[in-house]
Amino acid sequence: MNRTRLVVRLVAMLAVAGASPAQAQATGKLKIGLMLPSTGTYAALGNAITNGFKQYVAESGGKLGGREVEYFVVDDESDPAKATENVDKLVKRDQVDVLVGTVHSGVALAMAKVARETNTLMIDPNAGADELTGLLCAPNFFRTSFSNWQPGYAMGEYVGRKHKSAVTLTWKYAAGQQMVDGFKEAFEKAGGKVIKELTLPFPNVEFQPFLTEIAAIKPEAVYVFFAGGGAAKFVKDYAAAGLKNSIPLYGPGFVTDGTLEAMGDAGQGLVTALHYADGLDNAKDKAFRAGYMKSYQSPPDVYAVQGYDAAQLLGAGLAAVKGDASRKDDLIKALEAAKIESPRGPFSLSRAHNPVQDFYLRKADGRENKMVDTVVKGLADPARGCKM
Ligand code: BEZ
């Protein structure tokens, strides 16, 4: 039988059985494109997201929405210059059903552009670029992490209760700038003043000139955003410069998540704010942590949680369409309505598809960012410019 006749006969058989060709597709493997860094400063973050995602899929018997999962993987190196070429490999060459990624805001912005142009569903398990759930919000884009504004704002609220002046320091790219903007908004609303905003290019780690400048300015507090290997180096340099005991250091929890072991004593006692903490009192987190330890022999961090929740969200959406990812409108409606039982605590999505979630104050103790308090309950990103 030639190919055309075979297709005609298949469609006829499906019609008799009452199924559409699209529903027939739902029995094949679900192609998931994982675009994450596995090299460079953010390599550990990408690996933790992959681990968390795969943990949920394994707990679900290797299936989402009843379909077996097949992974297509690209190392994006956290390099925005290579992002379009990398995402094209997944969308055009591998023809994935869903894109999952990434860590770096600049890479995510390029990835989301291709996802928009090709109407590919994209679930972002980390990158916080405010635009993605703001000015550039889109029906096909969902996030299980945070907007950069959120952790910055939460930390600004807390630091604003204790200090009147601050210097900020970060990598000069979307995530750094926006986490500083969120901090500044809340800190200054509380009566504080950001007296100097310092930046260096991503992923540079030559911090010495900035530490000298901070020591000369003598602010009441310092707020920084760094993550991964760069965060560990910064915190060690800050302590070695003798600043740890004279000017309190704050940041969003990315500074200390997954990095405490590398920081050694320099990281101990650091206070940060994030939507996850060690020692949360909920059964979902306890089961998640035990499962993660068993699979990967190391404790999970916020990135693992975000990856796990990306798979949970996708699973909830696909269950509603019986695994048929081509039913895009129904799939999007189901994703929008999902209530995620996350290890961080339950969350739902805003109209711009960003988590509305609690932010915790944490204190570094040993290898843990121990839960101290809830800084802001149910914090929603303002979704500035989003027309959805
Ligand atoms: C970002 O680029 O959006 C980002 C990277 C690491 C941690 C948090 C945010």
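Add 722 to the 1-based position in the sequence shown for this note's numbering, that's all there is to it. Every residue gets a Cβ at the ideal spot worked out from N, C-alpha and C, and that includes glycine. It should be emphasised that the depicted structure is a prediction, and the values quoted were computed from it without experimental measurement.
Rounded distance between the beta-carbons of residue j and residue i, thought under 8 Å
i                 : j              : result
phenylalanine 794 : alanine 1033   : Wrong, their Cβ atoms sit about 15 Å apart, outside the cutoff.
proline 970       : threonine 994  : Not quite, the Cβ-Cβ distance comes to about 12 Å (not below 8 Å), so this is no contact.
aspartate 979     : asparagine 848 : Incorrect: roughly 11 Å between the Cβ atoms, too far for contact.
leucine 821       : alanine 832    : Incorrect: roughly 12 Å between the Cβ atoms, too far for contact.
glycine 787       : glycine 1001   : Between glycine 1001 and glycine 787 the Cβ distance is about 33 Å, and since that is not below 8 Å, they are no contact.
valine 829        : alanine 805    : 4 Å
phenylalanine 947 : valine 916     : Between valine 916 and phenylalanine 947 the Cβ distance is about 13 Å, and since that is not below 8 Å, they are no contact.
valine 796        : lysine 811     : 6 Å
glycine 850       : alanine 897    : 6 Å
valine 1098       : glutamate 879  : 6 Å
alanine 1074      : alanine 1105   : 4 Å
methionine 985    : lysine 958     : 6 Å
Buried versus exposed call for residue i [16 or more other C-beta atoms within 10 Å across all chains shown]
i               : result
proline 1021    : exposed
asparagine 967  : exposed
leucine 1101    : buried
glutamate 935   : exposed
alanine 1012    : exposed
aspartate 1103  : buried
glutamate 839   : exposed
proline 923     : exposed
glutamine 899   : buried
aspartate 913   : A small correction: the amino acid at residue 913 is glycine; aspartate does not occupy that position in the sequence shown. Classification for glycine 913: exposed.
asparagine 926  : exposed
proline 941     : buried
alanine 744     : Low per-residue confidence applies at alanine 744: pLDDT is 40, beneath 50, and the placement is therefore not dependable enough to give any value.
proline 873     : buried
glutamine 930   : exposed
aspartate 819   : buried
glutamine 1028  : buried
aspartate 1095  : exposed
glutamine 1079  : buried
methionine 1110 : exposed
arginine 1049   : buried
threonine 772   : buried
asparagine 841  : exposed
glycine 1107    : exposed
threonine 892   : buried
8 Å Cβ cutoff met for residue i and residue j
i              : j               : result
glycine 823    : aspartate 852   : no
lysine 751     : valine 779      : no
asparagine 870 : methionine 844  : no
tyrosine 875   : serine 827      : no
leucine 933    : alanine 963     : yes
arginine 865   : asparagine 1004 : no
methionine 877 : alanine 999     : no
arginine 982   : arginine 1089   : First, the amino acid is wrong: residue 982 is leucine here, not arginine. Yes, Cβ-Cβ distance for leucine 982 and arginine 1089 is below 8 Å.
aspartate 1031 : isoleucine 1054 : no
threonine 890  : tyrosine 945    : yes
leucine 920    : alanine 937     : no
serine 782     : glycine 1037    : yes
leucine 758    : glycine 950     : no
glycine 991    : alanine 1086    : yes
alanine 888    : alanine 943     : yes
glutamine 777  : serine 1017     : yes
glutamine 939  : lysine 906      : The residue asked about is misnamed: residue 939 is isoleucine in this sequence, not glutamine. Against a cut-off of 8 Å, the Cβ pair of lysine 906 and isoleucine 939 comes out as no contact.
For residue i, the residue or residues it bridges with in DSSP
i                  : result
proline 759        : For proline 759, which the question treats as bridged, DSSP gives no partner whatsoever.
glutamate 919      : Thr890
aspartate 1000     : Lys1092
isoleucine 754     : Tyr793, Val820
methionine 844     : Leu821, Phe863
alanine 945        : Here residue 945 is tyrosine; the residue named in the question, alanine, does not match the sequence. The partner list for tyrosine 945 (beta bridge, DSSP) reads Thr890, Tyr972.
serine 800         : According to DSSP, serine 800 bridges with nothing at all.
aspartate 979      : Answer by DSSP bridge pairing: none, since aspartate 979 is not bridged.
proline 931        : Looking at the DSSP assignment, proline 931 forms no beta bridge with any residue, so it has no partner.
serine 1064        : Gly1067
aspartate 1087     : Glu1090
phenylalanine 1081 : Val1098
valine 993         : Tyr972, Lys1085
leucine 786        : Arg789
Proximity test, Cβ basis, 8 Å: residue i and chain D
i              : result
methionine 844 : No chain D appears in this structure, which consists of one protein chain only.
Could you tell me whether the stretch 806–818 touches the stretch 1065–1085, using the rule of 3 or more Cβ pairs below 8 Å? no
Pairs of beta-carbons, one from the stretch 800–809 and one from the stretch 754–762, closer than 8 Å: are there three or more? yes
Count the C-beta pairs between the stretch 877–886 and the stretch 850–859 that are closer than 8 Å, then say yes if the count reaches three, no if not. no
The stretch 1023–1031 / the stretch 1050–1061 touching (three or more Cβ pairs under 8 Å): no
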